[in-house]
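By this note's numbering, the letter at position 173 of the sequence shown is numbered 177, and the numbering carries on one by one without gaps. All C-beta atoms, glycine included, are put in the ideal place defined by N, C-alpha and C. Notes follow once the structure below has been shown.
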Amino acid sequence: MKLYERHLAREIYAATGLVLMAFLMLFAFFDLIHELESIGKGNYQLQHALAYVFLTLPGRLYELFPIGVLIGTLYALTMLARHSEITVLRAAGLSTRNFLLTLTRVGFLFSILIFLVGEFLAPPAEQVAQQLRLKAMGALVAQEFRSGLWVKDERSFVNVSEVLPDASLRDVRIFEFDEKFQLLSISEATSGHYLAEGRWLLDNVVRTIFSNGSARVERFDETNWKSALNPDLLAILMVVPDRMSLVNLYQYIRHLSENHQKTDRYQIAMWKKFTYPFAALVMMALALPFAYMQDRMGVVSVRVFMGIMLGTSFHMLNGLFSSLGIINNWMPFFSAITPSVIFIIAASGMLWWVDRR
Numbered sequence: 005m006k007l008y009e010r011h012l013a014r015e016i017y018a019a020t021g022l023v024l025m026a027f028l029m030l031f032a033f034f035d036l037i038h039e040l041e042s043i044g045k046g047n048y049q050l051q052h053a054l055a056y057v058f059l060t061l062p063g064r065l066y067e068l069f070p071i072g073v074l075i076g077t078l079y080a081l082t083m084l085a086r087h088s089e090i091t092v093l094r095a096a097g098l099s100t101r102n103f104l105l106t107l108t109r110v111g112f113l114f115s116i117l118i119f120l121v122g123e124f125l126a127p128p129a130e131q132v133a134q135q136l137r138l139k140a141m142g143a144l145v146a147q148e149f150r151s152g153l154w155v156k157d158e159r160s161f162v163n164v165s166e167v168l169p170d171a172s173l174r175d176v177r178i179f180e181f182d183e184k185f186q187l188l189s190i191s192e193a194t195s196g197h198y199l200a201e202g203r204w205l206l207d208n209v210v211r212t213i214f215s216n217g218s219a220r221v222e223r224f225d226e227t228n229w230k231s232a233l234n235p236d237l238l239a240i241l242m243v244v245p246d247r248m249s250l251v252n253l254y255q256y257i258r259h260l261s262e263n264h265q266k267t268d269r270y271q272i273a274m275w276k277k278f279t280y281p282f283a284a285l286v287m288m289a290l291a292l293p294f295a296y297m298q299d300r301m302g303v304v305s306v307r308v309f310m311g312i313m314l315g316t317s318f319h320m321l322n323g324l325f326s327s328l329g330i331i332n333n334w335m336p337f338f339s340a341i342t343p344s345v346i347f348i349i350a351a352s353g354m355l356w357w358v359d360r361r
């Protein structure tokens, strides 16, 4: 790495680290204020709220990383421009193309960090945070409707009244259909515990079997139930798709596909997992034109404010195109990549304009 690259990298890394730390502290404070409303529910106390907020910080870091990179790079380049260091580099023969390549090499570390945080740190931390909160409050892990959680399992529909933090089930109802969607049986159990390899142990089972226009009832103290439903899938329901790992997303998409259910939301989240790390490079390219403008466009605070607005716009566009993709059945890759493409075009246009002034 050349001398000026090391100097540039040091300034950008320091500024970005400071910005991310400030953002994390700010959002942690807001999250803690929000959690104070839940203190007193069940056994949920201040220490639980603090632990919950701490465990959600990796997810916040993953969301804020591109914004932090944009503001940090913008601040670092602006300070270098104020001291005429950018002017000296350009006078020494550093072209815009080479400057972009330098920023790409510097920003590659950010892309790796975003991927590592989003894949290995944020998903397990988010899951533990939700389990901690729900267990302390005595709440349910997942409850999609008033009647509980509904899951399609091949030709069966499973209704679970309560899913406890240890992934055990309460008040399980299994509606089994044949290939013509005729109801074959209804099984009701007071509880269920996972054994292994897709097998559950159901307690106090009452099974109503429909056959030849009649019904008969069978009762069992315990019975085994074979199902694609497992604790990993139940745990996935506790984490929003954008904070799930690629492995969990792939497994859940496959599960939904096998049961002929819509997967758009999770496919978009999976493609965003692939494209999101490169958002850091896009943000750094977007910051470069501001360094070329020098002080004629205003003071540092104005540019930092512009960086915050641009970063917020990117964050909002990410959410907007994800929602539009689900509503309009767009290609998942298109919904995931469009915000980055828009900002790449904006950065290219700004660089072209600044270069020709």
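Quick one: what does DSSP say Ala200 is sitting in, helix, strand or coil?
In the sequence shown, residue 200 corresponds to position 196, counting from 1. The answer is strand: DSSP assigns Ala200 an E or B state.
So what's Gly152 in DSSP terms, helix, strand or just coil?
For this step, residue 152 is matched to residue 148 along the sequence shown. Reduced to three states, the DSSP call for Gly152 is strand.
Rounded to the nearest angstrom, what separates Val251 and Thr91 at their Cα positions?
The residue you call residue 251 lines up with position 247 of the sequence shown. The residue you call residue 91 lines up with position 87 of the sequence shown. Roughly 47 Å separates the two Cα atoms.
Going by the beta-carbon positions, is the gap between Val221 and Glu192 smaller than 8 Å?
Mapped onto the sequence shown, residue 221 falls at position 217. Mapped onto the sequence shown, residue 192 falls at position 188. No, Cβ-Cβ distance for Val221 and Glu192 is not below 8 Å.
Looking at Phe181 and Leu187, is the spacing between their C-beta atoms short of 8 Å?
Position 183 of the sequence shown, counting from 1, holds the residue named residue 187. Position 177 of the sequence shown, counting from 1, holds the residue named residue 181. Yes, the pair counts as a contact, with Cβ atoms nearer than the cut-off.
Select from Gly152, Leu36, Pro62 the residue whose C-alpha is nearest the C-alpha of Gln51.
The residue you call residue 51 lines up with position 47 of the sequence shown. Ranking Gly152, Leu36, Pro62 by Cα distance to Gln51 puts Leu36 first.
Here's a check: name, in chain order, each residue in its chain whose Cβ is nearer than 6 Å to the Cβ of Val306, leaving out the five neighbours to either side.
Residue numbering aside, residue 306 sits at position 302 when the sequence shown is read from its first letter. Nothing meets the Cβ criterion.
Considering Leu168, what are the terminal residues of the alpha helix (DSSP H) in which it resides?
The residue given as residue 168 occupies position 164 in the sequence shown. Per DSSP, Leu168 belongs to no alpha helix (DSSP H) and is neither H nor E.
Contact between the stretch 231-246 and the stretch 106-120: three or more CB pairs below 8 Å?
no
Among Gln134, Thr212, Asn208, the one whose alpha carbon lies nearest that of Glu226
Translated into the one-based positions of the sequence shown, residue 226 becomes position 222. That would be Asn208, whose Cα lies nearest to the Cα of Glu226.
Tell me whether the stretch 276-292 and the stretch 343-352 touch, counting them as touching only if at least three CB pairs, one residue from each stretch, are closer than 8 Å.
yes
Give every residue of the same chain whose Cβ lies closer than 6 Å to the Cβ of Asn47, excluding the five residues on either side of it in the sequence, and list them in chain order.
On the sequence shown, position 43 is the one that residue 47 refers to. Here the set comprises Ala140.
Cβ neighbour criterion (16 or more within 10 Å) applied to Arg101
Here residue 101 is taken as the residue at index 97 of the sequence shown, counted from 1. Answer is exposed; the Cβ neighbour count stays below 16.
Assuming Leu314 and Leu81 form a contact by the criterion Cβ under 8 Å, report the distance between their Cβ atoms to the nearest whole angstrom.
Your numbering for residue 314 matches position 310 in the sequence shown. Your numbering for residue 81 matches position 77 in the sequence shown. In fact, because the Cβ distance is near 14 Å, the residues do not count as touching under 8 Å.
Give the secondary structure of Asp157 by DSSP, where H, G and I count as helix, E and B as strand, and everything else as coil.
Taking the sequence shown and counting its residues from 1, the one referred to as residue 157 is at position 153. Strand.
So what does DSSP say about Arg300, is it helix, strand or coil?
Within the sequence shown, residue 300 is the residue found at index 296, counting from 1. With a pLDDT of only 47 at Arg300, under the threshold of 50, the placement of this residue in the model should not be trusted; the figure read from the coordinates follows. Looking at Arg300 - three-state DSSP - the assignment turns out to be helix.
Range of the contiguous alpha helix (DSSP H) that encloses Thr342:
Within the sequence shown, the letter at position 338 stands for residue 342. Its alpha helix (DSSP H) spans residues 336-359.
Would you list, in sequence order, the uninterrupted beta strand (DSSP E) runs of no fewer than 3 residues that lie entirely inside the stretch 208-232?
218-230
Can you grab the Cα-Cα spacing for the pair Ser160 / Pro128, in whole Å?
Walking along the sequence shown from the start, residue 160 turns up at place 156. Walking along the sequence shown from the start, residue 128 turns up at place 124. Looking at the two C-alpha atoms, the distance is approximately 30 Å.
As assigned by DSSP and simplified to three states, the class of Leu12
Along the sequence shown, one-based indexing puts residue 12 at 8. Helix, per DSSP.
Do Gly63 and Ile16 have their C-beta atoms within less than 8 Å of each other?
Working through the sequence shown from its first residue, we reach residue 63 at position 59. Working through the sequence shown from its first residue, we reach residue 16 at position 12. No, the Cβ-Cβ distance between Gly63 and Ile16 is not below 8 Å.
Do Tyr79 and Val358 come within 8 Å of each other at the CB atom, strictly closer than that value?
Reading the sequence shown from its first residue, position 354 is the one you call residue 358. Reading the sequence shown from its first residue, position 75 is the one you call residue 79. No, they are not a contact pair.
Looking at C-alpha atoms only, which residue of Ile331, Gly311, Asn333, Ile341 is the closest neighbour of Leu321?
Against the sequence shown, residue 321 aligns to sequence position 317. Nearest of Ile331, Gly311, Asn333, Ile341 to Leu321, Cα basis: Ile341.
Taking all protein chains shown into account, decide if Phe114 is buried (16 or more other Cβ within 10 angstroms of its Cβ) or exposed.
Taking the sequence shown and counting its residues from 1, one reaches residue 114 at position 110. So Phe114 counts as buried.
Looking at the secondary structure, which residues open and close the alpha helix (DSSP H) in which Arg177 lies?
Residue mapping note: residue 177 aligns to position 173 of the sequence shown, counting from 1. No alpha helix (DSSP H) contains Arg177, which is instead part of the beta strand (DSSP E) from 173-181.
Alpha carbon to alpha carbon, how far is Glu183 from Gly311? Give it in angstroms, no decimals.
For the purposes of this step, residue 311 is taken as residue 307 along the sequence shown, with counting starting at 1. For the purposes of this step, residue 183 is taken as residue 179 along the sequence shown, with counting starting at 1. C-alpha separation (whole angstroms): 57 Å.
What did DSSP end up calling Asn332 once you bin it into helix, strand or coil?
Mapped onto the sequence shown, residue 332 falls at position 328. Note: Asn332 maps to helix in three-state DSSP.
Rounded straight-line distance, which links the Cα of Phe124 to that of Ser249:
On the sequence shown, position 245 is the one that residue 249 refers to. On the sequence shown, position 120 is the one that residue 124 refers to. Looking at the two C-alpha atoms, the distance is approximately 7 Å.
Looking only at C-alpha atoms, which of Ser195, Val132, Tyr254 sits nearest to Asp268?
In the sequence shown, the residue the question calls residue 268 occupies position 264. Among Ser195, Val132, Tyr254, the Cα nearest to that of Asp268 belongs to Tyr254.
Can you tell me whether Tyr17 is helix, strand or coil according to DSSP?
Along the sequence shown, read from residue 1 onward, the residue named residue 17 stands at position 13. Reduced to three states, the DSSP call for Tyr17 is helix.
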